[in-house]
Amino acid sequence: MALLALLLLGTAHAQRRGIVALDNTTFDRIVGSSIPVFVRFDAEYSYGDDDDAWQEVALVVGASKANVLLCDVLIQEPRSRYHDRYDEEGYMGREDDHYGEGEPPADEYGERETAEDDHYGERDAAEDGQYGERELAEDREYGGSDPPSEESELPGHHDDDEDEHTGWRENQDLAHRFDISLETLPQFVFFPAGSTPTDMSQAQLYEGPRGKDDFLNFLHMTANVWVGLPGQEDWLHSAAQRFLSASEHAERMAEIELVESLEGGTRSKSTSSVYYAKVMRKLLSDGAFIEREATRLKKMIDDSSLSQSKREEFSRRANALQSFKKSGGV
């Protein structure tokens, strides 16, 4: 129940459907649990082709039965302390309210300056006495040292994470933990279920292409999670997995007949089912067929002389071949 509550909380704060937003207070409660997690470390405001592909993957995974979470750790954009002070204390706002939209008449400055001189002269004297007494009291309380900084108590905050020019950046401690440079964002890291997310020793940095199908294929091969690529269907994938696990010829033939006959008439014949059955029959007599077929299809996909529709057809077949690699199932 606690994990579910955290997930709902993260989803409520997330901007993107299917993606759980994490920060340095929730990261260790989600990552390393019973569910594998694929995490994107990125800037606070994500954009571009990588971001589009990541959102598409999130929609596919979210609509599937895949036992995996997609999460975001967004690093706050750098902001100067001067900018923060004006934002938080509203100095500019107060001046705007005082002066209005235009500048006051010139003679108003003379009257105001005279009044302010009298006022500030009295206040400076009072403040000198007040601050002198307070400094003595602080020296007695802290033994002559500076009082503790409230900022140092922030979760995940470390002195070496703070830049004198840009200030503290929320969640950058998580990026540092996994040796992710803020200059190379976005980066994608996979954490297996049950891992201990203290460093990169039990995690895997994703270094492949950043398209939707590339991410999905990585999840299938690395996380042992079947999501479903173009050219795959869940019932065909399950049949392929049972075919691979069968130890008897009769069991394999039963799976082939199931695919070819579309038992019960609940499924319509498709190019995918025809291709799955063809691959199964080839594997009965040729155990090396998958490797050769994958090489052939890649060559066709990379052939720019072929039409786009033909290359997409070969890409769907290549995806179907992924079902004939043992995984954790659907």
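Its first residue numbered 1, the sequence shown is counted upward by one per residue in the UniProt record's numbering. In this text, a Cβ means the ideal position worked out from N, Cα and C, and glycines have one as well.
Assess contact between the stretch 215-225 and the stretch 241-254, defined as three or more Cβ pairs (one per stretch) separated by less than 8 Å. Is contact present? Here the stretch 215-225 makes no contact with the stretch 241-254; the two share fewer than three CB pairs at distances below 8 Å.
Who pairs with Arg40 in a beta bridge, going by DSSP? Listed as beta-bridge partners of Arg40 by DSSP are Asp72 and Phe188.
Give the straight-line distance between the Cα atoms of Leu70 and Glu170, rounded to the nearest whole angstrom. Cα atoms of Leu70 and Glu170: separation of roughly 20 Å, rounded to the nearest angstrom.
Quick one: measure Cβ to Cβ for Val73 and Val37, integer angstroms, because I've assumed they're closer than 8 Å. The C-beta distance from Val73 to Val37 rounds to 11 Å, too long to meet the 8 Å contact threshold.
Beta-carbon contacts of Asp159 that lie in its chain and below 6 Å, excluding the five residues immediately before and after: Residue confidence is low: Asp159 scores 46 on pLDDT, short of 50, so the model does not pin down where it sits. Its coordinate-derived value is still stated next. If we look at Asp159 and ignore the five residues flanking it on each side, it has no Cβ neighbours.
Taking the alpha-carbon positions, what's the Ile290 to Ser305 distance? Roughly 25 Å separates the two Cα atoms.
Of all the options Met280, Asp214, Arg210 and Gly62, which has the alpha carbon lying nearest to the alpha carbon of Ser238? For the set Met280, Asp214, Arg210 and Gly62, the Cα lying nearest the Cα of Ser238 is the one of Met280.
Should Tyr47 be labelled buried (16 or more other beta-carbon atoms within 10 Å of its own) or exposed? Looking at its Cβ environment, which holds fewer than 16 other Cβ atoms inside 10 Å, Tyr47 is exposed.
Let me know the secondary structure DSSP gives Tyr206 once reduced to three states. Reduced to three states, the DSSP call for Tyr206 is strand.
Pull up the CB-CB distance for Ala58 and Ile19, whole angstroms please, since I reckon it's below 8 Å. Going by Cβ atoms, the distance from Ala58 to Ile19 rounds to 5 Å, so yes, they are a contact pair.
Report the start-end ranges of each alpha helix (DSSP H) in the stretch 244-301 that is 4 residues or longer and not cut off at the edges. When DSSP assignments are scanned along the stretch 244-301, the uninterrupted stretches of alpha helix (DSSP H) that are 4 or more residues long and fall wholly within it turn out to be 249-261, 271-285 and 289-301.
Around the Cβ of Tyr45, are there at least 16 other Cβ atoms within 10 angstroms (buried) or fewer (exposed)? Exposed, by the Cβ-count rule.
Rounded to a whole number of angstroms, what is the C-alpha to C-alpha distance between Leu205 and Met300? Note on geometry: alpha-carbon atoms of Leu205 and Met300 lie some 29 Å from one another.
By Cβ distance, which residues of its chain are closer than 8 Å to Tyr276, with the 5 residues on each side in sequence left out? Only Leu236, Ala239, Ala240, Val259, Ala320 and Ser323 meet the Cβ criterion.
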